[in-house]
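Everything in the sequence shown is counted per UniProt numbering, starting at 1 for the first residue and increasing by one.
We put the CB at the ideal spot given by N, CA and C, even for glycine.
So the structure is just underneath, and the comments pick up after that.
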Amino acid sequence: MSAGTIPSTCAWTETPLIYSSHISDRLGCSAYLKLENLQPSQSFKYRGISLRVQELKAQHGPALHVFIASGGNAGLAAAVAARALGVRCTVYLPVVVSKDTQDLLRKQGASVVLVGQIHSDALKACIKLSNKILMR
Numbered sequence: 001m002s003a004g005t006i007p008s009t010c011a012w013t014e015t016p017l018i019y020s021s022h023i024s025d026r027l028g029c030s031a032y033l034k035l036e037n038l039q040p041s042q043s044f045k046y047r048g049i050s051l052r053v054q055e056l057k058a059q060h061g062p063a064l065h066v067f068i069a070s071g072g073n074a075g076l077a078a079a080v081a082a083r084a085l086g087v088r089c090t091v092y093l094p095v096v097v098s099k100d101t102q103d104l105l106r107k108q109g110a111s112v113v114l115v116g117q118i119h120s121d122a123l124k125a126c127i128k129l130s131n132k133i134l135m136r
């Protein structure tokens, strides 16, 4: 898949752009809201992450396993995209992430690994595993 090419089976949703009279009046210019909360993961992050997961599946096939470090929204976008595309997903989270977020990720079929207190701890663990897998 070349850069700028959007596949016909893209996992993300076209979302509406709506005019906001309240914000327009406050700013003195036309203001529009892009309703990215209507994406399957309820975040704009789903657009890019779902496209990347789709590209990787096209390259590596259905055995693809997605790994991501997140505080929540990016991990959820990856989990929802992986589920939609039929591939596995593991999300590394800091231990301080809420149980509700962890449960939501698991509900989408993701494996959840809790590591450290902050995002960078989870990221380091995710990178370490990725490097281990790449060395095989």
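- Where Leu35 is concerned, there is no enclosing alpha helix (DSSP H), because DSSP gives it neither an H nor an E.
- In terms of Cβ geometry, Ser41 and Ala77 form a close pair [threshold 9 Å].
- Uninterrupted beta strand (DSSP E) stretches at least 3 residues long and entirely within the UniProt domain "Tryptophan synthase beta chain-like PALP" (13 to 131) occur at 17 to 19, 32 to 34, 65 to 69, 88 to 93 and 111 to 114, given in chain order.
- The Cβ atoms of Trp12 and Leu56 lie no closer than 9 Å to each other.
- With respect to Val91, Ala69 sits close: the two C-beta atoms are nearer than 9 Å.
- Distance check between Lys45 and each of Leu33, Asn73 and Leu27 places Asn73 closest, using alpha-carbon atoms only.
- A contact is defined here as three or more CB-CB pairs under 8 Å, and the region 125 to 135 fails this definition with respect to the region 95 to 104.
- A residue is called buried when at least 16 other Cβ atoms come within 10 angstroms of its Cβ; Val97 meets this threshold and is buried.
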